[in-house]
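Undergrad: Sharing a structure below in structure tokens format, with a few things to ask.
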Amino acid sequence: QKINNVIFWSEAFSLGHGDIFNLMAPYKPLLKHFIGALPPTFLMEPFQGWAGVICRYRIFRQTICEDIADLILGNSRGEAPLRPEFINSLLYSSSSHEVDQLLQCAIKGGMMHKFSYGRQGNMVAHGQPDPPAYNLSRVTLSRLSFYAAATDFTVSVADVMATQKLLKVPHRSHIIRAPFNHNAYFFHKDTARLSIIPSLREIQEFSEKGAM
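Numbering-wise, the working numbering comes out as the position in the sequence shown, counting from 1, plus 1306.
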């Protein structure tokens, strides 16, 4: 009731439809006994430093650095230059618990649910053998807008469309068809025209409708 309008940029909900999580799902058992940051935080600071030094040189930035980023985020086709100051926003640790849950979603066919602790653990945590799924059909907010990026490999267009199908309320849908990957919302040469300005206009429009 406190939220009037929502703009989603490649939201990570219904994962596993031709994205990186679908590719990583077979390796989920490796996380079974791992607790903590992934990768470990003590490795990330020196890695960020070295990456910042290496990627400051154009010859490496436009080959090795951007190729690695595109492998994870999706093909930018050179339209989202990986400038050195962006390195720290890409290279960071995540909770192994969070990564595990995202992979669980991909394995469950893209249905986001509460964390699964295994059959016995779920009985304790959730009171049932399988973790309950989040029910988007209960969403009543009608001022929603979804953006999907055509070349996004982290959250694919199919992921975003799968989420929309779970909603019972009207909503808007946009597919940015230019070479546009997951981080292009921030890094793309033309992101203002393709995503930021359209989103701001929708926020203004939604706010005006909500005030009526």
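Glycine included, C-beta positions come from ideal geometry on N, C-alpha and C.
#1: Let me know if VAL1461 comes out buried or exposed under the rule of 16 or more other beta-carbons within 10 Å of its beta-carbon.
#2: Which one or two residues does DSSP pair with ARG1478 in a beta bridge?
#3: Helix, strand or coil, according to DSSP, for ILE1378 in the structure here?
#4: For ARG1507, collect the residues of the same chain with a Cβ closer than 8 Å to its Cβ; drop the 5 residues on either side in sequence, then sort them by chain order.
#5: Per DSSP, TRP1315 is paired with what?
#6: Pull up the CB-CB distance for ASN1489 and LEU1344, whole angstroms please, since I reckon it's below 8 Å.
#7: As a quick exercise: from LEU1442, GLN1510, ILE1482, SER1399, pick the residue whose alpha carbon is nearest that of LYS1474.
#8: Could you give the DSSP three-state label for LEU1344: helix, strand or coil?
#9: Using alpha carbons as the reference points, say which of ALA1439, ILE1393, SER1402, HIS1480 lies closest to PRO1352.
#10: Expressed to the nearest angstrom, what Euclidean distance is found between the alpha-carbon atoms of LEU1337 and ALA1455?
#11: When the distance is taken between beta carbons, is PHE1452 closer than 8 Å to VAL1463?
#12: Do the CB positions of GLU1385 and ALA1484 come within less than 8 Å of each other?
#13: Are the segment 1358-1374 and the segment 1430-1449 in contact at 8 Å, needing three or more beta carbon pairs?
#14: Buried or exposed for PRO1347, please, with buried defined as at least 16 other CB atoms from any protein chain shown within 10 angstroms of its CB.
#15: For SER1422, I'd like the list of residues in its chain whose CB is within less than 7 Å of its CB, leaving aside the five on either flank, ordered along the chain.
TA: Well, looking at it:
#1: Within a 10 Å sphere around the beta-carbon of VAL1461 sit 16 or more other beta-carbons, which makes this residue buried.
#2: In the DSSP output, where bridge partners are listed per residue, ARG1478 has SER1451.
#3: ILE1378 sits in a helix when the DSSP states are folded into three classes.
#4: Hits under 8 Å: none found.
#5: TYR1453, per the DSSP bridge assignment.
#6: Incorrect: roughly 19 Å between the Cβ atoms, too far for contact.
#7: If we check each option's Cα against that of LYS1474, LEU1442 comes out closest.
#8: Looking at LEU1344 - three-state DSSP - the assignment turns out to be strand.
#9: When only C-alpha atoms are compared, the closest one is ILE1393.
#10: Taking the straight line from one Cα to the other gives about 29 Å.
#11: No.
#12: Less than 8 Å divides the Cβ of GLU1385 from the Cβ of ALA1484.
#13: With contact defined as three or more Cβ pairs closer than 8 Å, the segment 1358-1374 and the segment 1430-1449 are not in contact.
#14: According to the sequence provided, residue 1347 is Thr. The question's Pro does not apply to it. Exposed, because fewer than 16 other Cβ atoms sit within 10 Å of the Cβ of THR1347.
#15: Excluding five sequence positions before and after SER1422, the CB atoms of its chain that fall closer than 7 Å to its own CB belong to GLN1410, ASN1428, PRO1437, given in chain order.
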